[in-house]
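When you read off a place in the sequence shown, starting at 1, and then add 300, the result is the number in the working numbering. All C-beta atoms, glycine included, are put in the ideal place defined by N, C-alpha and C. Have a look at the structure below, then the notes.
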Amino acid sequence: MQGDADYIIGSFTYHLKRHDMLLIKPATYHYLKLRSAAQYERIVIHFPPEALEGNLRDEAAQLKDIYQIHKDSYIYNIFQSMIHLHKIYSNEDFTIFTKNALHMILTELKYYKHESVKKPEPFHPVFKNIMEYIDEHICEKLSIDILSSQFFVSPSWIVHAFNKYLGISAMQYVNNKKILYCQELIRTGVTPTKAAEMCAFNNYSTFYRQYKRFIGTAPKTDKNP
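This is the structure:
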């Protein structure tokens, strides 16, 4: 809606413009990087894939990561309605409206004629390979030394690269990715204890603290009924 920011999704950096809309797939690391002290404002709709009905779930997975939404578009009007109705609807009624609005937005995107969006800025090739390696070995113990020996770069290079591209430490990124993967496991019915074990956390208490800090809720709350 407003601000001066970049958004990192996976291994790409998107330089945001007003009315850009991002679609972020589950378990994909994403990170907001403010470029200045300008006020930043956005609308977020957080939903699990199972909230989508029929063919829409598979179709949504094929959509682009970013769209530039025009002010005269149907999607823009939906968001404006959300801003207005949030102030007057009850929480229950607004939740129902939001679910319907989500379906309308994703359906409309299948037919949306949008202007070409500038290609995202890719990370350094070696850093991109490191991120892919982490994804492929997310259930194993990972450390800066392991990554360093695997890609023949110094530990200091890895530390600098994570700070430069993501603004966080390498191990914070690894732990966040593990938490995201655990969240997906729990949603499929895996117990939090088993999920923590599968992702090589040293103990459950460490996993629980990191999960709650990163996700904002306790692990069991993500388990499907």
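Buried or exposed (CB count within 10 angstroms, at least 16 for buried), lysine 520: The residue is exposed, with fewer than 16 neighbouring Cβ atoms inside 10 Å.
Counted within 10 angstroms of its Cβ, other Cβ atoms place proline 422 as buried (16 or more) or exposed: Exposed is the call here.
Burial state of lysine 308, where buried means 16 or more other Cβ atoms lie within 10 Å: Residue identity differs from the one stated: residue 308 is isoleucine in this sequence, not lysine. Buried is the call here.
Test: glutamate 497 CB closer than 7 angstroms to a CB of chain C: Although the question refers to chain C, the structure presented lacks it and comprises just one protein chain.
Residue ranges of each beta strand (DSSP E) within the region 445 to 498, 3 or longer: Runs found: none.
Test item: CB-CB of tyrosine 329 and lysine 512 under 7 angstroms: Result no, Cβ atoms of tyrosine 329 and lysine 512 do not sit closer than 7 angstroms.
Whole-angstrom distance between glycine 489 and serine 505, CA atom to CA atom: Looking at the two C-alpha atoms, the distance is approximately 20 angstroms.
Buried versus exposed call for cysteine 439 [16 or more other C-beta atoms within 10 Å across all chains shown]: Classification for cysteine 439: exposed.
Residue closest to glutamine 483, alpha-carbon to alpha-carbon, out of Ser454, Asn503, Ser456, Ile515: Of all alpha-carbon atoms in Ser454, Asn503, Ser456, Ile515, the one lying nearest the alpha-carbon of glutamine 483 is that of Ile515.
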